[in-house]
Amino acid sequence: GENVEQHPSTLSVQEGDSAVIKCTYSDSASNYFPWYKQELGKGPQLIIDIRSNVGEKKDQRIAVTLNKTAKHFSLHITETQPEDSAVYFCAVGSTDSWGKLQFGAGTQVVVTP
Amino acid sequence: NAGVTQTPKFRILKIGQSMTLQCTQDMNHNYMYWYRQDPGMGLKLIYYSVGAGITDKGEVPNGYNVSRSTTEDFPLRLELAAPSQTSVYFCASSYGAGMYSNQPQHFGDGTRLSIL
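Residue numbers (the numbering used here), protein chains in the order written: chain A, 1 to 113; chain B, 1001 to 1116.
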């Protein structure tokens, strides 16, 4: 089955700096790569997603890049703000999977003022 | 707009007790999922459903049961609670368009369950 590894597990950044989280996956049939943000006491919320026919996608301060050859994708947050502090999860979806996702273990991001 | 609603938010059970975690969505999504989240482990899929009357096991189904009698509701049942089932449980839903469909999943805010 699919194996998703996420690094780092914790990330501390100064406000205004950039944060990068990387995930690797094992199944070459994987074709959907969403990122979720989870705030304390809340459920995960989708912040951006990318499909395998696209190499990069950007939404304001958030971007995701995908390298299908190397089987990894990354989340980039620029100009970090204190409200970006949360746990971030990557996930992977494959063809013929009925929409099921395999999640990474999560990255705790702390943005210090 | 409620989205995905889970009840209760918190619960403490004794070993051997049973309970049902409720999940309802108002987005007319045909796909629904149950996950458990343990510290540092990400989310693990327990059961999923692709429509009313259709359910299937996920990665960690042992000790749980589900049913799907309507599009809106997808309850998760614990029959004989064990300490290993102490976790945070999340329900999610998505619009599904077939076996090859991958659409964003929308999550509820979870049920925090402790079994003592």
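Note that the Cβ used here is the ideal one computed from N, Cα and C, for glycine as well.
If you measure beta-carbon to beta-carbon, which residues of the segment 1048-1077 of chain B are closer than 9 angstroms to chain A? The segment 1048-1077 of chain B vs chain A, Cβ under 9 angstroms: 1048, 1050, 1056, 1058 and 1059.
Since residue 26 (chain A) and residue 3 (chain A) are thought to touch, with beta carbons under 8 angstroms apart, how far apart are those beta carbons, to the nearest angstrom? Counting from one through the first sequence, the residue named residue 26 (chain A) turns up at place 26. Counting from one through the first sequence, the residue named residue 3 (chain A) turns up at place 3. The Cβ separation is near 4 angstroms, so the contact holds.
Query raised in the report: Any residues in the segment 86-103 of chain A with a beta carbon nearer than 7 angstroms to a beta carbon of chain B? Which ones, in chain order?
Result: Against chain B - using a Cβ distance shorter than 7 angstroms - the residues of the segment 86-103 of chain A are 89, 93, 95, 96, 98, 99, 100, 101 and 103.
Point to revise | Listed by chain order, chain A residues near residue 1010 (chain B) by CB distance under 9 angstroms | key: One-based indexing of the second sequence puts residue 1010 (chain B) at position 10. Going along chain A, no residue has its Cβ under 9 angstroms from residue 1010 (chain B), so there is no contact; the nearest lies around 11 angstroms.
Could you tell me whether any Cβ in chain A is nearer than 9 angstroms to the Cβ of residue 1002 (chain B)? Indexing the second sequence from 1 puts residue 1002 (chain B) at position 2. Residue 1002 (chain B) does not count as touching chain A.
**OP:** Report, in whole angstroms, the separation of the C-beta atoms of residue 6 (chain A) and residue 99 (chain A), which I expect to be a contact under 8 angstroms.
**Re:** As a first step, residue 6 (chain A) must be located in the first sequence, where it is residue number 6. As a first step, residue 99 (chain A) must be located in the first sequence, where it is residue number 99. Contact doesn't hold; Cβ gap of about 21 angstroms is too wide.
Please identify the residue among A:13, A:49, A:89 and A:30 whose C-alpha is closest to the C-alpha of residue 71 (chain A). The residue given as residue 71 (chain A) occupies position 71 in the first sequence. Its Cα nearest to that of residue 71 (chain A), the residue A:30 stands out among A:13, A:49, A:89 and A:30.
Exercise for review: Kindly list, in the order they appear in chain B, the residues whose Cβ is closer than 8 angstroms to that of residue 31 (chain A).
Suggested key: The sequence position of residue 31 (chain A) within the first sequence is 31, counting from 1. Neighbourhood of residue 31 (chain A) in chain B, by CB distance below 8 angstroms: 1102, in chain order.
Taking 9 angstroms as the threshold (beta carbon to beta carbon), is residue 1109 (chain B) in contact with chain A? As a position in the second sequence, residue 1109 (chain B) is number 109, starting the count at 1. Residue 1109 (chain B) counts as touching chain A.
Check whether the segment 33-40 of chain A touches the segment 66-86 of chain A, taking contact to mean three or more Cβ pairs, one atom from each stretch, closer than 8 angstroms.
-> Yes, the segment 33-40 of chain A is in contact with the segment 66-86 of chain A.
Alpha carbon to alpha carbon, how far is residue 12 (chain A) from residue 110 (chain A)? As a position in the first sequence, residue 12 (chain A) is number 12, starting the count at 1. As a position in the first sequence, residue 110 (chain A) is number 110, starting the count at 1. Those two C-alpha atoms are separated by around 5 angstroms.
- Item | Spatial neighbours of residue 1077 (chain B) in its chain, beta-carbon cut-off 6 angstroms, leaving aside the 5 residues before and after | Counting from 1 along the second sequence, the entry for residue 1077 (chain B) is found at position 77. These residues qualify, in order along the chain: 1020 and 1065.
Relative to the C-alpha of residue 90 (chain A), which candidate in A:96, A:51, A:60 and A:102 has its C-alpha closest?
Taking the first residue of the first sequence as 1, we reach residue 90 (chain A) at position 90. Cα-wise, what sits closest to residue 90 (chain A) is A:102.
- prompt: What residues of chain A sit near residue 1031 (chain B), judged by a beta carbon separation below 8 angstroms?
  reply: The count along the second sequence starts at 1 and reaches residue 1031 (chain B) at position 31. Going along chain A in sequence order, the residues near residue 1031 (chain B) (Cβ under 8 angstroms) are 98 and 99.
Do residue 1052 (chain B) and residue 1071 (chain B) have their C-beta atoms closer together than 9 angstroms? The count along the second sequence starts at 1 and reaches residue 1052 (chain B) at position 52. The count along the second sequence starts at 1 and reaches residue 1071 (chain B) at position 71. Between residue 1052 (chain B) and residue 1071 (chain B), the CB-CB gap stays under 9 angstroms.
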